[in-house]
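Let me begin by presenting the structure, written as C-alpha coordinates, before commenting on it.
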Amino acid sequence: MKEIRPEISFRLYAYDELSAEDQKLIEAAKKASYHSYAPYSHFSVGAAALLDNEEVICGSNQENAAYPSGTCAERTTLFYANSTFPEVGVKTLAIAARNEKGAFTTHATAPCGACRQVMLETQERSKHPLRTLLYGEEGVIEICCVEDLLPLSFSAASM
51 MKEIRPEISF RLYAYDELSA EDQKLIEAAK KASYHSYAPY SHFSVGAAAL
101 LDNEEVICGS NQENAAYPSG TCAERTTLFY ANSTFPEVGV KTLAIAARNE
151 KGAFTTHATA PCGACRQVML ETQERSKHPL RTLLYGEEGV IEICCVEDLL
201 PLSFSAASM
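Start counting the sequence shown at 51; every next residue gets the next number (my numbering).
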(Lines of atoms letter the chains of each structure in order from A and count residues from 1; the text may use other names and numbers.)
(Lines give C-alpha, C1' and ligand atoms only; values in the text may rest on other atoms or scores of the structure.)
Protein backbone atom coordinates (compact mmCIF):
# COMPACT_ATOMS: atom_id res chain seq x y z
CA MET A 1 0.00 0.00 0.00
CA LYS A 2 1.08 3.52 -0.71
CA GLU A 3 -0.43 6.54 1.01
CA ILE A 4 -0.74 9.60 -1.19
CA ARG A 5 -1.65 12.99 0.19
CA PRO A 6 -2.81 15.48 -2.40
CA GLU A 7 -1.31 18.94 -2.16
CA ILE A 8 -3.35 22.03 -2.77
CA SER A 9 -2.15 25.52 -3.31
CA PHE A 10 -3.78 28.80 -2.37
CA ARG A 11 -2.83 32.32 -1.39
CA LEU A 12 -4.19 34.36 1.49
CA TYR A 13 -4.46 38.11 0.95
CA ALA A 14 -5.57 41.04 3.03
CA TYR A 15 -8.42 42.72 1.15
CA ASP A 16 -6.33 45.84 0.48
CA GLU A 17 -3.59 43.74 -1.15
CA LEU A 18 -5.97 42.74 -3.96
CA SER A 19 -6.09 44.46 -7.33
CA ALA A 20 -8.85 46.99 -7.95
CA GLU A 21 -10.49 44.49 -10.34
CA ASP A 22 -10.54 41.76 -7.66
CA GLN A 23 -11.89 44.18 -5.04
CA LYS A 24 -14.65 45.22 -7.44
CA LEU A 25 -15.59 41.57 -8.05
CA ILE A 26 -15.69 40.82 -4.32
CA GLU A 27 -17.86 43.88 -3.75
CA ALA A 28 -20.25 42.57 -6.42
CA ALA A 29 -20.40 39.20 -4.61
CA LYS A 30 -21.00 40.93 -1.28
CA LYS A 31 -23.80 43.00 -2.81
CA ALA A 32 -25.33 39.87 -4.37
CA SER A 33 -25.55 38.29 -0.91
CA TYR A 34 -28.26 40.84 -0.10
CA HIS A 35 -30.43 39.26 -2.83
CA SER A 36 -30.21 35.87 -1.13
CA TYR A 37 -33.39 34.08 -0.13
CA ALA A 38 -32.30 32.26 3.03
CA PRO A 39 -35.27 32.15 5.46
CA TYR A 40 -34.24 28.73 6.81
CA SER A 41 -30.46 28.78 7.23
CA HIS A 42 -30.13 32.57 7.59
CA PHE A 43 -26.80 32.14 5.76
CA SER A 44 -26.73 34.50 2.79
CA VAL A 45 -24.19 33.88 0.06
CA GLY A 46 -23.40 35.99 -2.99
CA ALA A 47 -21.20 35.17 -5.95
CA ALA A 48 -19.87 37.20 -8.86
CA ALA A 49 -18.28 35.79 -12.00
CA LEU A 50 -15.93 37.79 -14.21
CA LEU A 51 -16.29 36.44 -17.73
CA ASP A 52 -13.74 36.39 -20.53
CA ASN A 53 -15.70 39.20 -22.24
CA GLU A 54 -15.31 41.33 -19.04
CA GLU A 55 -19.03 41.01 -18.13
CA VAL A 56 -19.78 40.41 -14.46
CA ILE A 57 -22.63 38.03 -13.61
CA CYS A 58 -23.95 37.80 -10.04
CA GLY A 59 -26.12 35.38 -8.14
CA SER A 60 -27.13 34.40 -4.62
CA ASN A 61 -28.32 31.34 -2.78
CA GLN A 62 -32.02 30.58 -3.04
CA GLU A 63 -33.52 28.30 -0.40
CA ASN A 64 -36.75 26.35 -0.43
CA ALA A 65 -38.73 24.62 2.33
CA ALA A 66 -37.99 21.41 0.42
CA TYR A 67 -34.23 21.79 1.00
CA PRO A 68 -32.98 19.91 -2.07
CA SER A 69 -34.98 22.30 -4.25
CA GLY A 70 -32.81 25.31 -3.37
CA THR A 71 -29.49 26.20 -4.97
CA CYS A 72 -26.23 27.79 -3.93
CA ALA A 73 -24.95 31.19 -5.05
CA GLU A 74 -22.07 29.65 -7.01
CA ARG A 75 -24.33 27.42 -9.10
CA THR A 76 -26.92 30.18 -9.58
CA THR A 77 -24.16 32.46 -10.88
CA LEU A 78 -22.36 29.96 -13.11
CA PHE A 79 -25.55 28.57 -14.63
CA TYR A 80 -26.82 32.10 -15.29
CA ALA A 81 -23.47 33.05 -16.87
CA ASN A 82 -23.55 30.01 -19.14
CA SER A 83 -27.19 30.52 -20.11
CA THR A 84 -26.60 34.22 -20.87
CA PHE A 85 -23.18 33.88 -22.55
CA PRO A 86 -22.87 30.21 -23.60
CA GLU A 87 -19.73 30.75 -25.67
CA VAL A 88 -17.89 32.86 -23.08
CA GLY A 89 -15.64 31.40 -20.40
CA VAL A 90 -15.38 32.40 -16.76
CA LYS A 91 -12.11 33.95 -15.55
CA THR A 92 -12.74 34.45 -11.86
CA LEU A 93 -15.48 33.58 -9.38
CA ALA A 94 -15.75 35.58 -6.13
CA ILE A 95 -17.80 34.31 -3.17
CA ALA A 96 -18.89 36.16 -0.02
CA ALA A 97 -21.21 35.04 2.79
CA ARG A 98 -23.11 36.69 5.63
CA ASN A 99 -24.08 34.94 8.86
CA GLU A 100 -27.44 34.91 10.66
CA LYS A 101 -26.61 38.28 12.25
CA GLY A 102 -26.13 39.78 8.77
CA ALA A 103 -22.37 40.27 9.17
CA PHE A 104 -19.91 39.01 6.61
CA THR A 105 -18.14 35.89 7.81
CA THR A 106 -14.82 36.33 9.58
CA HIS A 107 -13.21 33.50 7.61
CA ALA A 108 -13.66 32.74 3.94
CA THR A 109 -16.49 30.36 3.09
CA ALA A 110 -15.64 27.53 0.68
CA PRO A 111 -18.09 26.15 -1.88
CA CYS A 112 -19.95 22.89 -1.24
CA GLY A 113 -19.17 19.71 -3.15
CA ALA A 114 -21.95 20.17 -5.72
CA CYS A 115 -20.71 23.68 -6.49
CA ARG A 116 -17.14 22.45 -6.81
CA GLN A 117 -18.29 19.93 -9.42
CA VAL A 118 -20.11 22.66 -11.38
CA MET A 119 -17.02 24.87 -11.10
CA LEU A 120 -14.91 22.05 -12.54
CA GLU A 121 -17.16 21.69 -15.57
CA THR A 122 -17.24 25.47 -15.99
CA GLN A 123 -13.44 25.46 -15.98
CA GLU A 124 -13.36 22.69 -18.59
CA ARG A 125 -15.84 24.57 -20.78
CA SER A 126 -13.80 27.77 -20.42
CA LYS A 127 -10.61 25.93 -21.51
CA HIS A 128 -8.54 27.74 -18.87
CA PRO A 129 -8.27 27.69 -15.08
CA LEU A 130 -11.17 29.08 -13.11
CA ARG A 131 -9.67 31.33 -10.47
CA THR A 132 -11.68 31.62 -7.25
CA LEU A 133 -11.69 34.31 -4.57
CA LEU A 134 -13.19 33.35 -1.20
CA TYR A 135 -13.94 36.43 0.90
CA GLY A 136 -13.69 36.65 4.68
CA GLU A 137 -13.36 39.76 6.83
CA GLU A 138 -9.93 38.54 8.00
CA GLY A 139 -8.62 37.65 4.55
CA VAL A 140 -9.31 36.56 1.01
CA ILE A 141 -8.25 33.15 -0.23
CA GLU A 142 -7.23 32.95 -3.89
CA ILE A 143 -7.42 29.53 -5.53
CA CYS A 144 -5.91 29.41 -9.00
CA CYS A 145 -7.75 26.35 -10.37
CA VAL A 146 -10.63 24.10 -9.37
CA GLU A 147 -8.41 21.03 -8.94
CA ASP A 148 -7.10 22.67 -5.77
CA LEU A 149 -10.67 22.67 -4.44
CA LEU A 150 -11.60 19.26 -5.81
CA PRO A 151 -8.75 16.74 -5.91
CA LEU A 152 -9.58 13.34 -7.43
CA SER A 153 -12.33 15.04 -9.40
CA PHE A 154 -14.85 13.38 -11.72
CA SER A 155 -15.13 14.86 -15.19
CA ALA A 156 -16.13 13.87 -18.72
CA ALA A 157 -12.63 12.41 -19.11
CA SER A 158 -13.49 9.97 -16.29
CA MET A 159 -16.23 8.31 -18.37
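Ideal Cβ placement from N, Cα and C applies to all residues, glycine included.
As the structure is a computational prediction, the values presented were derived from the model and not from experiment.
{"Item": "Does the distance from the CB of alanine 123 to the CB of asparagine 111 come in under 8 Å?", "Value": "yes"}
{"Item": "Is it buried or exposed for isoleucine 58, if we count other Cβ within 10 angstroms and need 16 for buried?", "Value": "exposed"}
{"Item": "On the DSSP letters alone, give me the boundaries of the beta strand (DSSP E) that isoleucine 107 sits inside.", "Value": "106-110"}
{"Item": "Can you look up lysine 74 in the DSSP assignment and give me helix, strand or coil?", "Value": "helix"}
{"Item": "For the region 125-138 and the region 149-160, state whether three or more C-beta atom pairs, one from each stretch, are separated by less than 8 Å.", "Value": "no"}
{"Item": "Along the chain, where does the beta strand (DSSP E) containing serine 208 start, and where does it finish?", "Value": "Looking at the DSSP string, serine 208 is not in any beta strand (DSSP E), and its letter there is neither H nor E."}
{"Item": "Return the CA-CA distance between glutamine 173 and tyrosine 65, expressed in angstroms with no decimal places.", "Value": "25 Å"}
{"Item": "Which class does alanine 146 belong to by DSSP, given the choice of helix, strand or coil?", "Value": "strand"}
{"Item": "According to DSSP, simplified to helix, strand and coil, what is leucine 170?", "Value": "helix"}
{"Item": "For my contact list, cysteine 108 and alanine 82 are in at a C-beta cut-off of 8 Å; report their separation, rounded to the angstrom.", "Value": "4 Å"}
{"Item": "For a quick check, are the C-beta atoms of leucine 183 and leucine 62 less than 8 Å apart?", "Value": "no"}
{"Item": "At the level of alpha carbons, what is the spacing between alanine 70 and glutamate 77?", "Value": "10 Å"}
{"Item": "Looking only at its own chain, which residues have a Cβ that is under 7 Å from the Cβ of phenylalanine 135, when we skip the five neighbours before and after it?", "Value": "Leu101, Asn103, Glu105"}
{"Item": "Between the C-alpha atoms of glycine 189 and alanine 160, what's the straight-line distance to the nearest angstrom?", "Value": "13 Å"}
{"Item": "May I have the straight-line CA-CA distance separating alanine 88 from methionine 51, to the nearest angstrom?", "Value": "46 Å"}
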